[in-house]
Ligand SMILES: [Zn+2]
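Numbering (the working numbering), first residue to last: 3 to 434.
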């Protein structure tokens with residue numbers, strides 16, 4: 003007799019034994035426990051391959067305890083933490099070991115880790131690979147954090163050579179430093195500190211140029227390339243062109259680029275500031291179309307919050323850029339019109355495959371029982387106490403979003419149900 007049988011109604015049932023899925027099929031025999039999911043969408047647990055939980059060192063911005071609880075409330079069973087803005091950053095063995103220990107002590111979901119590429123750390127990449135990093139993140143423009151300097155072209159190129167040797171992907175924040183720095187400098191010299199000035203300083207061309215350059219490096223070095231948070235339809239086109247030319251390239255976007263436009267940034271202000279910035283309606287429509295066409299491989303939240311005081315600056319250029327989104331991915335995608343099958347592909351199956359998170363990302367016998375149950379006819383209101391991350395701000399506050407995560411099961415254990423976190427055990431480090 004299985005430990006749990008999830009009854010799918012018209013969808014197949016799922017039998018869970020211990021941490022694993024034992025069987026998937028209609029009319030499975032009874033389990034010790036039964037979960038009635040009739041009428042609910044049964045999806046693989048969300049894998050958020052792009053979060054900044056900032057632990058250790060900046061847990062006052064966000065921490066793994068609060069961040070992982072918010073993730074679980076959003077249907078998530080695993081996150082991959084970026085190498086910044088923790089302190090130390092994850093750019094060598096010591097930084098990796100410290101972060102792994104901190105997250106093991108605090109997270110209720112499973113997790114994996116990105117290493118970083120910064121000038122001078124190429125000799126540390128092998129240590130990071132041996133410790134199980136899923137890949138290496140580099141910034142092509144200023145990261146906003148002095149201890150994580152951007153990778154100049156030489157660093158990025160030879161970082162890709164080393165990553166290819168280690169058989170791991172490189173993820174890039176693709177915006178041109180030349181363009182963004184020059185434009186910001188000119189605007190600030192004119193005394194401009196307003197939101198439109200910030201938007202002008204980070205045009206779509208800064209994104210497409212950087213994507214093309216990274217794509218050329220990837221082709222030349224044989225490195226697998228992952229473009230994080232593509233903000234525009236033009237950015238997708240540039241990445242697909244790089245793929246056509248021979249680069250092994252995966253595309254990520256974030257829910258906020260699919261939901262908001264730059265008009266929303268003008269209205270909402272600081273809590274909707276991110277880089278690359280929100281785009282105009284035409285770019286957003288092309289990005290939405292790309293998701294529906296299956297051209298976007300992965301959707302990550304880029305959850306990157308900060309204390310409220312860092313969002314409160316006279317100059318919009320000085321305000322910390324980062325959106326709190328770890329809890330809202332599923333309802334935002336449903337609201338945007340992304341069907342459940344595409345949600346499963348972009349938030350679970352594809353990230354598991356791309357980052358070699360084995361036995362995860364799909365509801366199949368032999369995989370971990372990482373499952374979310376979603377009421378696609380329900381409604382999600384995000385705000386106040388319903389937000390489980392450290393700072394209860396969300397650009398989606400005030401919206402009634404389509405669909406609601408009802409239950410999250412991580413390795414057979416229900417860690418979230420009906421609005422409450424129920425996890426009894428800690429998450430586990432996952433080696434790529
Ligand atoms: Zn990020």
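Note that CB positions come from ideal geometry on N, CA and C, so glycine has one too.
Worksheet item: Does the distance from the CB of residue 302 to the CB of residue 28 come in under 8 Å?
Response: Translated into positions along the chain shown, residue 302 becomes position 300. Translated into positions along the chain shown, residue 28 becomes position 26. Not in contact: residue 302 and residue 28 (Cβ atoms no closer than 8 Å).
Worksheet item: Do you know offhand how far residue 179's Cα is from residue 143's?
Response: Here residue 179 refers to the residue found at position 177 when the chain shown is read from its first residue. Here residue 143 refers to the residue found at position 141 when the chain shown is read from its first residue. If I take the Cα positions, the gap works out to 4 Å.
Practice prompt. Please find out if some non-hydrogen atom of ligand 1 comes closer than 7 Å to the beta-carbon of residue 84.
Written response: Walking along the chain shown from the start, residue 84 turns up at place 82. Correct: residue 84 has its Cβ closer than 7 Å to ligand 1.
Discussion item. If I measure Cβ to Cβ from residue 229 and keep anything under 8 Å in the same chain, skipping five residues before and after, which residues do I get?
Written reply: As a working mapping, residue 229 is identified with position 227 in the chain shown. Counting only Cβ-Cβ distances below 8 Å, and skipping sequence neighbours, we find 173, 174, 176, 213, 216, 237, 241, 251, 252, 253, 254.
Worksheet item: residue 128 lies in the alpha helix (DSSP H); which residues open and close that run?
Response: Taking the chain shown and counting its residues from 1, one reaches residue 128 at position 126. Where residue 128 is concerned, the enclosing alpha helix (DSSP H) stretches over 127-132.
Worksheet item: My guess is that residue 71 and residue 40 are in contact by the Cβ rule of under 8 Å, so how many angstroms apart are they, rounded?
Response: As a first step, residue 71 must be located in the chain shown, where it is residue number 69. As a first step, residue 40 must be located in the chain shown, where it is residue number 38. Actually they do not touch by this definition, with Cβ atoms about 27 Å apart.
Discussion item. Between residue 406 and residue 377, how many whole angstroms is the CB-CB distance? I'm expecting something under 8 Å.
Written reply: Numbered from its first residue, the chain shown carries residue 406 at position 404. Numbered from its first residue, the chain shown carries residue 377 at position 375. About 5 Å separates the two Cβ atoms, so the contact holds.
Item to complete: Compute the distance between the beta-carbons of residue 6 and residue 414, then report whether it is under 8 Å.
Response: Translated into positions along the chain shown, residue 6 becomes position 4. Translated into positions along the chain shown, residue 414 becomes position 412. Taking 8 Å as the Cβ cut-off, residue 6 and residue 414 qualify as a contacting pair.
Practice prompt. Could you tell me the distance, in whole angstroms, from the CA atom of residue 148 to the CA atom of residue 226?
Written response: In the chain shown, counting from the first residue as 1, residue 148 sits at position 146. In the chain shown, counting from the first residue as 1, residue 226 sits at position 224. Going from the Cα of residue 148 to the Cα of residue 226 covers about 27 Å.
Worksheet item: So, helix, strand or coil for residue 64, using DSSP?
Response: In the chain shown, the residue the question calls residue 64 occupies position 62. Reduced to three states, the DSSP call for residue 64 is coil.
Item to complete: Determine the closest residue to residue 354 out of 78, 20, 129, with distance taken between C-alpha atoms.
Response: Against the chain shown, residue 354 aligns to sequence position 352. Nearest of 78, 20, 129 to residue 354, Cα basis: 78.
Worksheet item: Any heavy atom of ligand 1 within a distance shorter than 7 Å of the CB on residue 396?
Response: Taking the chain shown and counting its residues from 1, the one referred to as residue 396 is at position 394. False, no ligand heavy atom lies under 7 Å from that Cβ.
Worksheet item: For residue 291, is the classification buried or exposed, using 16 other Cβ atoms within 10 angstroms of its Cβ as the cut-off for buried?
Response: Here residue 291 is taken as the residue at index 289 of the chain shown, counted from 1. Looking at its Cβ environment, which holds fewer than 16 other Cβ atoms inside 10 Å, residue 291 is exposed.
Worksheet item: Is there contact between the region 355-371 and the region 330-343, where contact requires at least three CB pairs shorter than 8 Å?
Response: no
Practice prompt. Rank 22, 146, 209, 104 by C-alpha distance to the C-alpha of residue 431 and give the top, closest one.
Written response: For the purposes of this step, residue 431 is taken as the residue at position 429 of the chain shown. Of the candidates 22, 146, 209, 104, the one whose C-alpha sits nearest the C-alpha of residue 431 is 104.
Worksheet entry | Top-ranked residue by Cα proximity to residue 21, from 120, 411, 422, 426 | For the purposes of this step, residue 21 is taken as residue 19 along the chain shown, with counting starting at 1. Closest by alpha carbon: 411.
Worksheet item: Going by Cα to Cα distance, which pick from 218, 98, 208 is closest to residue 137?
Response: As a first step, residue 137 is located in the chain shown; it is residue number 135 there, counting from the start. Out of 218, 98, 208, 98 has the C-alpha closest to the C-alpha of residue 137.
Discussion item. Could you tell me which whole beta strand (DSSP E) segments of length 3 or greater appear in the region 70-152?
Written reply: 78-83, 112-115, 138-141
Discussion item. DSSP three-state label for residue 305, please.
Written reply: Translated into the one-based positions of the chain shown, residue 305 becomes position 303. DSSP places residue 305 in strand when its eight states are reduced to three.
Worksheet entry | Backbone CA spacing between residue 346 and residue 48 [nearest angstrom] | Numbered from 1 along the chain shown, position 344 holds the residue referred to as residue 346. Numbered from 1 along the chain shown, position 46 holds the residue referred to as residue 48. Between residue 346 and residue 48, the C-alpha separation is close to 8 Å.
Item to complete: Please list, in chain order, all residues of the same chain as residue 160 whose beta carbon is under 8 Å from its beta carbon, the five residues on each side excluded.
Response: Taking the first residue of the chain shown as position 1, residue 160 is located at position 158. Hits under 8 Å: 124.
Practice prompt. Measure the CB-CB distance between residue 186 and residue 203 and report whether it falls below 8 Å.
Written response: Position 184 of the chain shown, counted from the first residue, corresponds to residue 186. Position 201 of the chain shown, counted from the first residue, corresponds to residue 203. Yes, they are a contact pair.
Discussion item. For residue 277, count the other beta carbons within 10 Å of its own beta carbon; 16 or more makes it buried, fewer makes it exposed. Which is it?
Written reply: For this step, residue 277 is matched to residue 275 along the chain shown. With 16 or more other Cβ atoms within 10 Å, it is buried.
Worksheet entry | Under 8 Å between C-beta atoms of residue 115 and residue 102 | The count along the chain shown starts at 1 and reaches residue 115 at position 113. The count along the chain shown starts at 1 and reaches residue 102 at position 100. Yes, Cβ-Cβ distance for residue 115 and residue 102 is below 8 Å.
Practice prompt. Return the residue from the list 343, 328, 270 that minimises the CA-CA distance to residue 295.
Written response: Against the chain shown, residue 295 aligns to sequence position 293. For the residues 343, 328, 270, the minimum Cα distance to residue 295 belongs to 343.
Discussion item. If you measure between the beta carbons of residue 247 and residue 333, is that distance less than 8 Å?
Written reply: For the purposes of this step, residue 247 is taken as the residue at position 245 of the chain shown. For the purposes of this step, residue 333 is taken as the residue at position 331 of the chain shown. Not closer than 8 Å, so no.
Practice prompt. Determine the contact status of residue 267 and residue 275, defining contact as a CB-CB distance below 8 Å.
Written response: By 1-based counting over the chain shown, the position of residue 267 is 265. By 1-based counting over the chain shown, the position of residue 275 is 273. Against a cut-off of 8 Å, the Cβ pair of residue 275 and residue 267 comes out as a contact.
Worksheet item: Assuming residue 318 and residue 195 make a contact with CB atoms under 8 Å, what is their CB distance in whole Å?
Response: The residue you call residue 318 lines up with position 316 of the chain shown. The residue you call residue 195 lines up with position 193 of the chain shown. About 6 Å separates the two Cβ atoms, so the contact holds.
Worksheet item: To the nearest angstrom, how far is it from the Cα of residue 304 to the Cα of residue 32?
Response: Start at 1 with the first residue of the chain shown, and residue 304 comes out as number 302. Start at 1 with the first residue of the chain shown, and residue 32 comes out as number 30. The alpha-carbon atoms of residue 304 and residue 32 are separated by roughly 40 Å.
Worksheet entry | Closest Cα partner of residue 2 within the set 121, 233, 100, 348 | One cannot answer for residue 2 here, as it falls past the ends of the chain, which runs 3 to 434.
Worksheet entry | Sequence-distant residues of the same chain with beta carbon closer than 7 Å to residue 106, five excluded per side | On the chain shown, position 104 is the one that residue 106 refers to. Excluding residues within five positions, the ones whose Cβ falls inside 7 Å are 428, 431.
Item to complete: Just confirm the distance between the C-beta atoms of residue 279 and residue 233, as a whole number of angstroms; I'd bet it's less than 8 Å.
Response: Taking the first residue of the chain shown as position 1, residue 279 is located at position 277. Taking the first residue of the chain shown as position 1, residue 233 is located at position 231. Contact flag correct, Cβ pair sits at about 7 Å.
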